[in-house]
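Counting with this note's numbering, you get residues 3 to 106 for the letters of the sequence shown.
Input: a single structure, listed below in structure tokens.
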Amino acid sequence: MRKNLQQLRFKVVRDPNILNWSPIHKCILMLVFFIFIKTLWITWKVYTLSSAELIEHINYDSVMFHLKIDIFEFFMIVFILPVFISIEGEVKRSTICLMVAWCF
């Protein structure tokens, strides 16, 4: 897995043009962006729930429900992403593309 990450890092530095990447690497990049966006949303929801000024303007039950879903999705993707990076072949290609489509 470490070798795959080093190869991916080398590829990003050496070939910055994302259009030339394979679909697998584009999907992995999209999953990384998804993790970043989920982190921002989780941070915002925790801030909103902990802020005394904003608590009266939000629907507490709805925000808590969405926060639980966001945390579940975040950990699911974070735990599954290393598996996708380490496997090879057609299974990897189809599974990653389906996962990216599900995320967005």
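Cβ atoms here follow ideal geometry from the backbone N, Cα and C, with glycine treated the same way.
Contact check, residue i vs residue j, beta carbons under 8 Å
i, j, result
"Ile44", "Leu69", "yes"
"Val65", "Ile37", "no"
"Asp63", "Lys47", "no"
"Thr50", "Ile60", "yes"
Run of the alpha helix (DSSP H) containing residue i, from where it starts to where it stops
i, result
"Ile39", "25–52"
Spatially closest choice to residue i from the options, by CA coordinates
i, options, result
"Phe76", "Val34, Tyr62, Tyr49", "Val34"
Between the region 55–64 and the region 22–32, do three or more beta carbon pairs fall short of 8 Å?
No, the region 55–64 does not touch the region 22–32.
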